[in-house]
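Numbering (the working numbering), first residue to last: 45 to 210.
C-beta: ideal position from N, C-alpha, C; glycine also.
As the structure is a computational prediction, the values presented were derived from the model and not from experiment.
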């Protein structure tokens with residue numbers, strides 16, 4: 045399993061066979077709840093006939109599409125193509141995901157309000173000319189701040205890596 049952050053901020057997850065490295069599925073490019081399954085990796089790929097063939101302008105000439113197949117030259121609006129029941133399931137899945145994210149965010153916010161976290165959350169500010177400190181004091185304060193921020197990062201990382209509660 046591999047996780048990649050895309051330039052637009054979306055998190056892409058993909059899975060490959062641990063023995064041969066064949067890509068099995070990937071998801072997260074468009075939304076966090078759907079995956080693209082490589083139908084050629086299924087035991088019965090003939091059961092997964094495409095509803096639509098997209099990007100046919102770049103199709104290799106020796107690939108023949110079935111007569112009467114739905115096609116489009118490039119990307120398409122899936123909300124216009126997908127069956128209503130599929131869209132209903134997608135919307136329900138997106139709602140469940142949104143609810144999980146809100147719940148997880150609230151849990152993290154609750155942890156962040158503890159006294160220790162309040163102190164760790166303070167950002168060091170510049171000294172006024174009257175409050176000049178020597179280099180040794182500055183280095184000490186810098187190391188303490190860096191340590192506090194590192195501890196906070198570790199706590200947040202642990203919290204975010206916990207499995208989601210169903």
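query	result
Runs of alpha helix (DSSP H) wholly within the region 102-156 (minimum 4 residues, chain order)	122-125 and 128-156
Per-residue DSSP class, three states only, for residue 185	helix
Residues near residue 101 by beta carbon distance below 8 angstroms, same chain, minus five either side	117 and 118
Short Cβ contact (8 angstroms threshold) for residue 69 with residue 79	yes
Contact check, residue 56 vs residue 73, beta carbons under 8 angstroms	yes
8 angstroms Cβ cutoff met for residue 82 and residue 67	yes
Nearest to residue 204 (by Cα), restricted to the options 179, 58, 184 and 148	148
Residue 105 to residue 61 span [Cα, whole Å]	30 angstroms
Environment of residue 210 [buried if 16+ CB atoms lie within 10 Å]	Bear in mind that the predicted position of residue 210 carries a pLDDT of just 46, short of 50, making it too unreliable to give a figure here.
Through-space distance from residue 92 to residue 64, alpha-carbon basis	23 angstroms
Bridge partner(s) assigned by DSSP for residue 205	None; residue 205 has no bridge partner.
Those residues which DSSP pairs with residue 57 across a bridge	47 and 71
DSSP beta-bridge partners of residue 80	70
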